[in-house]
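Heads up: the structure comes next, in structure tokens.
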Amino acid sequence: MSADGACRSCGGKALEVFLSLGKMPLPDAFLTGDALSGPEPRYPLDAAVCPDCSLVQILEEVPPEKLFVENYLYFSSFSDALLGHSRDHALGPIASRSLGPDSLVVEIASNDGYLLKNFAEAGVPVLGIDPAPEPARAAEAAGVPTLQEFFGTDLARRLVAEGRRADVIVANNVMAHVPDLNGFVEGLAVLLADDGLISVENPYVRDLVDHGEFDTIYHEHFCYFSCTSVDTLVRRHGLFLNHVEYFPDLHGGTLRWHIAKREEPSDTVRGYLAEERRRGVDTPAFYRTFATRVAKVRDDLVSLLRELHDGGARLAGYGAAAKATILLNYAGIGTDLLDFIVDRNVHKHGMYMPGVHIPITGPEALLERSPDYTVILAWNFRAEIIGQQAEYAARGGRFVVPIPAVEVV
Ligand code: JHZ
Ligand code: ZN
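Going by this note's numbering, the first residue of the sequence shown is number 124, and it counts up by one from there.
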């Protein structure tokens, strides 16, 4: 919902709230030791669906500077799985669209250059756009020229005025991150060459609901997309959804939408739209049982952890992810249950989780301190994390996976 209470896509005013998570801290606002005794802002977190255009969105609008400039230590390059996915993502269009030295690939939310470096290595000119200072600096150091700015219509017009139009625009996990959704999509249309391709990835709201992934609802994510809501949104800006790819293991279920200026829909588009209608993903009814299921996951997790803890087990967490902030704060899991959280991202070491103040350290602590159970808070990387922690498991360490349902492995 925008500041005037209207749907971020169609402007409709009949939004129906289906989940209230209470007041939550900002998901990436990790604290230094000095800041622990200071004030910590919290904002209401309510998810709603628009019955007019089916877009799922949160009601609160935290200024993007607070989210992505002041508090953003997320570096894409800490997951091997994501790096592999991104490399494939680059190699595909380089071949199928014959990209070369005269092409331009622009990525919005290019983070530390994890994706664009693949195009750059193949000799394709690239431009990264990302407002987060530390990841943008890392991208520059990796040879990816990066504009440290927010993307929108103004920046798109400026680039076009400089003679730069994109053959490919990649926008992964960023269309959900903008308050001015229509301005963002209009910017894509402005910047795209007439025969260009826009490639957008985002977690699929159908899977979010089916798998109870409530912890991916947080203030950085203003919107949660389906094919129906994307199709309606892009048409408003003279763009068309032409193809859909599905990556079930990425971030809990991700869709990649291929969008262009010419309407050439593949069967995948018709298939997804029909399936969403059949299941009612485009109607409020689909979302109405979600809150009850979310409360059950929370209760199951808290009872399990309490039982283990009361039985003398020592517990830790893996993954100081944004989603971990929501899971821990919503469930009220603090240092009473988890002694520490490990994460590969060195920028987060020595800091504390927002709200619950659990300390963060490097993954080697699992072997050094051998907790009996480790809760995989970054459950979306469950396979990668369990694979990497074989030694911990061999020494008797067990994992608790909270989502989609609480499980001990
Ligand atoms: P991860 C981020 O959310 C933020 P988060 C953002 N707003 C978004 O949209 C989504 O991503 C897509 C660590 N890790 O990716 C790295 C290891 O330590 O699920 C991360 O800190 N070892 C842009 O933060 C965290 O876990 C590993 O082996 O919820 C995962 O965070 C692996 C694989 C990850 O996203
Ligand atoms: Zn709407």
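In this text, a Cβ means the ideal position worked out from N, Cα and C, and glycines have one as well.
In this text, all values refer to a predicted model and were calculated from it rather than measured experimentally.
To the nearest angstrom, how far is it from the Cα of Val249 to the Cα of Pro371? Here residue 249 corresponds to residue number 126 of the sequence shown, with the count starting at 1. Here residue 371 corresponds to residue number 248 of the sequence shown, with the count starting at 1. Approximately 28 Å between the Cα atoms of the pair.
My understanding is that Val469 touches Pro486, with C-beta atoms under 8 Å, so please give their C-beta distance in whole angstroms. On the sequence shown, residue 469 is found 346 positions in, with the first residue counted as 1. On the sequence shown, residue 486 is found 363 positions in, with the first residue counted as 1. About 11 Å; that fails the 8 Å criterion.
Nearest-angstrom beta carbon gap, Ser233 and Thr269 [assumed within contact, 8 Å]: One-based indexing of the sequence shown puts residue 269 at position 146. One-based indexing of the sequence shown puts residue 233 at position 110. About 6 Å separates the two Cβ atoms, so the contact holds.
Taking all protein chains shown into account, do 16 or more other C-beta atoms lie within 10 angstroms of the C-beta of Ala264, making it buried, or fewer, making it exposed? The sequence position of residue 264 within the sequence shown is 141, counting from 1. Ala264 is exposed by the Cβ-count criterion.
Nearest by alpha-carbon distance to His212: which of Val323, Asn503, Asp333 and Ala517 is it? Counting from 1 along the sequence shown, the entry for residue 212 is found at position 89. Check the Cα spacing between His212 and each of Val323, Asn503, Asp333 and Ala517: the tightest is with Val323.
Please list the terminal residues of the continuous alpha helix (DSSP H) segment that includes Thr497. Position 374 of the sequence shown, counted from the start, is the residue given in the question as residue 497. It is not in any alpha helix (DSSP H) - Thr497 instead sits in the beta strand (DSSP E) that spans Tyr496 to Ile499.
Quick one: is Thr497 buried, meaning 16 or more other Cβ sit within 10 Å of its Cβ, or exposed? Residue mapping note: residue 497 aligns to position 374 of the sequence shown, counting from 1. Buried is the call here.
Measuring from each Cβ to the nearest heavy atom of the ligand JHZ, keep the ones under 6 Å and list them in chain order. Tyr197, Phe201, Ser202, Asn296, Glu343, His374, Gly442, Ala443, Ala444, Ala445, Lys446, Asp466, Arg467, Asn468, Ala501, Asn503, Phe504, Glu507, Ile508 and Gln511
Comparing C-alpha positions only, which one of Arg521, His480 and Leu489 sits nearest to Pro150? As a first step, residue 150 must be located in the sequence shown, where it is residue number 27. That would be His480, whose Cα lies nearest to the Cα of Pro150.
Which word fits Gly219, buried or exposed, when buried means at least 16 other C-beta atoms lie within 10 angstroms of its C-beta? Here residue 219 corresponds to residue number 96 of the sequence shown, with the count starting at 1. Looking at the sequence provided, one finds Ser at residue 219 rather than Gly. Exposed, by the Cβ-count rule.
Proximity to Gly403 [Cα-Cα], best of Leu154, Leu178 and Met147: Indexing the sequence shown from 1 puts residue 403 at position 280. Ranking the options by Cα distance to Gly403, first place goes to Leu178.
What is the residue span of the alpha helix (DSSP H) that Asp333 lies within? Here residue 333 corresponds to residue number 210 of the sequence shown, with the count starting at 1. First-last of the alpha helix (DSSP H) with Asp333: Val328 to Asp333.
Validate contact between the segment 152-167 and the segment 389-402 using beta carbons, cut 8 Å, 3 pairs: no
Please give me, in chain order, every unbroken run of the beta strand (DSSP E) with length at least 3 that falls completely inside the segment 192-274. 228-231 and 249-252
If I follow the unbroken alpha helix (DSSP H) through Tyr410, where does it start and stop? Here residue 410 corresponds to residue number 287 of the sequence shown, with the count starting at 1. Per DSSP, Tyr410 belongs to no alpha helix (DSSP H) and is neither H nor E.
Is it the case that the Cβ atoms of Glu230 and Leu238 are separated by a distance below 9 Å? The residue labelled residue 230 in the question sits at position 107 within the sequence shown. The residue labelled residue 238 in the question sits at position 115 within the sequence shown. Taking 9 Å as the Cβ cut-off, Glu230 and Leu238 qualify as a contacting pair.
Quick one: is Pro477 buried, meaning 16 or more other Cβ sit within 10 Å of its Cβ, or exposed? Against the sequence shown, residue 477 aligns to sequence position 354. Result: buried.
Tell me whether Asp151, by its Cβ, gets closer than 8 Å to a heavy atom of the ligand ZN. To locate residue 151, count along the sequence shown from 1; it is residue 28. Because no heavy atom of the ligand ZN lies under 8 Å away, the Cβ of Asp151 does not count as near it: no.
With the ligand ZN as the reference, list in chain order each residue whose Cβ lies under 6 Å from any of its heavy atoms. Cys130, Ser132, Cys133, Gly135, Cys173, Asp175, Cys176 and Leu178
Endpoints, the beta strand (DSSP E) within which Tyr341 is located: Within the sequence shown, numbered from 1, the residue matching residue 341 stands at position 218. Careful: Tyr341 lies outside any beta strand (DSSP E) and carries neither H nor E.
Element boundaries [beta strand (DSSP E), containing Glu184]: Position 61 of the sequence shown, counted from the start, is the residue given in the question as residue 184. Looking at the DSSP string, Glu184 is not in any beta strand (DSSP E), and its letter there is neither H nor E.
Quick check: Phe273 and Val313, are their CB atoms within less than 9 Å of each other? Working through the sequence shown from its first residue, we reach residue 273 at position 150. Working through the sequence shown from its first residue, we reach residue 313 at position 190. Pairing Phe273 with Val313 gives a Cβ-Cβ distance that is not under 9 Å.
Beta-carbon gap between Leu144 and Asp169 smaller than 9 Å: By 1-based counting over the sequence shown, the position of residue 144 is 21. By 1-based counting over the sequence shown, the position of residue 169 is 46. Against a cut-off of 9 Å, the Cβ pair of Asp169 and Leu144 comes out as a contact.
CB-CB under 7 Å to Arg421, same chain, minus the five flanking residues each way: which ones, in chain order? In the sequence shown, counting from the first residue as 1, residue 421 sits at position 298. Counting only Cβ-Cβ distances below 7 Å, and skipping sequence neighbours, we find Tyr453 and Ala454.
Between the beta-carbon of Ile181 and the beta-carbon of Ile340, is there less than 9 Å? Your numbering for residue 181 matches position 58 in the sequence shown. Your numbering for residue 340 matches position 217 in the sequence shown. Contact check for Ile181 against Ile340 passes: the beta carbons are separated by less than 9 Å.
Starting from the N-terminal side, write out each stretch of the alpha helix (DSSP H) that is 4 residues or longer and does not extend beyond the segment 276-305. Within the segment 276-305, the complete alpha helix (DSSP H) segments at least 4 residues long are 276-284, listed from N- to C-terminus.
Member of Pro258, Glu257, Arg210 and Pro254 whose CA lies at the smallest distance from the CA of Glu244: To locate residue 244, count along the sequence shown from 1; it is residue 121. Among Pro258, Glu257, Arg210 and Pro254, the Cα nearest to that of Glu244 is on Arg210.
Between Glu368 and Gly376, what straight-line distance do the alpha-carbon atoms span, to the nearest angstrom? For the purposes of this step, residue 368 is taken as the residue at position 245 of the sequence shown. For the purposes of this step, residue 376 is taken as the residue at position 253 of the sequence shown. Roughly 11 Å between the two C-alpha positions.
Name the DSSP bridge partner or partners of Val308? Position 185 of the sequence shown, counting from 1, holds the residue named residue 308. Partner(s): none; Val308 has no beta bridge.
Using the beta-carbon count (16 or more within 10 Å), is Leu256 buried or exposed? Here residue 256 corresponds to residue number 133 of the sequence shown, with the count starting at 1. With the sequence shown as reference, residue 256 is identified as Pro, and Leu is not the correct amino acid for it. So Pro256 ends up on the exposed side.
Best match in Gly156, Arg437, His360 and Ser199 for proximity to Gly520 [C-alpha to C-alpha]: As a working note, residue 520 is residue 397 in the sequence shown. Nearest C-alpha to Gly520: Arg437.
Span of the alpha helix (DSSP H) around Pro379: Within the sequence shown, the letter at position 256 stands for residue 379. Note that residue 379 is Arg in the sequence shown here, rather than Pro. Unbroken run through Arg379 is the beta strand (DSSP E), Thr377 to Ala383; no alpha helix (DSSP H).
Which of the three DSSP states is assigned to Val404 in this structure? Reading the sequence shown from its first residue, position 281 is the one you call residue 404. In this structure, Val404 counts as coil in the three-state DSSP scheme.
Closest to Pro407 by CA distance: which of Phe141, Leu154 and Met124 is it? By one-based count along the sequence shown, residue 407 stands at place 284. Ranking the options by Cα distance to Pro407, first place goes to Phe141.
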